[in-house]
Amino acid sequence: MSRSAYWRDHVGKPFEVRFPLPALARRGAFAANEARSVESGLQILDLIEHERSCTGARILDFGCGVKIVQALIQRDAPQAFYLGIDVAPQVIETLKHELHDNPKFEFQLANYRNEMYRPNGEPMSCENGFGPTQRDFDILTMFSVVTHLDPDDSYQALKGCRYHSAEDGRAIFTAFIDPELENDFVDVVPDRPLLIAAYRKEYLTEIINAAGWEIIAHRAPIHALTQDWFVCRPV
Ligand SMILES: C[S@@+](CC[C@H](N)C(=O)[O-])C[C@H]1O[C@@H](n2cnc3c(N)ncnc32)[C@H](O)[C@@H]1O
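In structure tokens form, the structure reads like this:
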């Protein structure tokens, strides 16, 4: 699919946000402009759909924020089930409150430490998943999440996703890949820990493989939408 095809559907067409949320709960570059933020969520859904249909799928969204939830609702929630996990209480509390009566959505607050988002949390340990319920998910997404995780936590997050993957599940996630990088990993902005967590591709590949995944596609960044993004299957 050409890069421009991702944009054609949405850009320039105004639309009404069907599931508006308070600004405090929103994340990412378009947090101040809700329609633009939801539009980018719709574009991400298109990327996912290109790999695996969301219709009838069980979706695990790790580091969920609110954007994909808003995009799914914009499209009448075609999934069988969606579980969003995040370390941000205002995100999870808002979503739980707003969607408590919708059986297609469930949300879980994690207490993992992240220098940028939750410095006082506990070290990530996800060998046995993210919580008591093991479900087989068809699609496991982490958009703009590994971009803020150090190597140990990227491994833990990928391992946790692997634990919850269906036999033929797909992990779809973004990461900062720097081909010029001499080191395996660099936390690019020292004053803003994990704002940009950059990996050498070979090193991230080792982490992905160690967590039980095989890369089946590595796609280039899309301007104003994603960093490098990966599609993986379980091994
Ligand atoms: C840049 S936002 C992306 C949100 C969403 N995936 C999107 O595409 O809009 C990164 C999200 O990851 C969450 N996060 C950061 N570290 C995490 C961790 N260790 N476990 C779970 N969520 C985490 C943050 O709270 C934040 O909501």
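Going letter by letter, the sequence shown gives residues 4 to 238 in this note's numbering. Note that CB positions come from ideal geometry on N, CA and C, so glycine has one too.
- Answer yes or no: does any C-beta atom of chain D fall closer than 8 Å to that of Gly172? Protein chains in the displayed structure number just one, and chain D is not present.
- Item | DSSP three-state assignment for Pro224, whether helix, strand or coil | coil
- Query: Who does Val234 pair with in a DSSP beta bridge?
  - Reply: Ile175, Ala220
- Hey, quick one: how far does the beta strand (DSSP E) through Gln111 stretch, first residue to last? 108 to 112
- Message: Tell me the DSSP secondary structure of Phe22 in three-state form.
- Response: coil
- Work out the CA separation of Glu185 and Phe108 for me, nearest whole Å. 42 Å
- Please list the segments of the alpha helix (DSSP H) lying wholly inside the stretch 54 to 142, counting only runs of 4 or more residues, in order along the chain. 70 to 77, 92 to 101
- Query: Near Ala213, which residues of its chain fall below 7 Å by C-beta distance, leaving aside the five closest residues on each side in sequence?
  - Reply: Tyr158
- Task: Per DSSP, which residues does Thr229 bridge with? Please list them.
- Result: Ile225
- Message: Just to confirm, is the Cβ distance from Trp232 to Leu161 under 8 Å?
- Response: no
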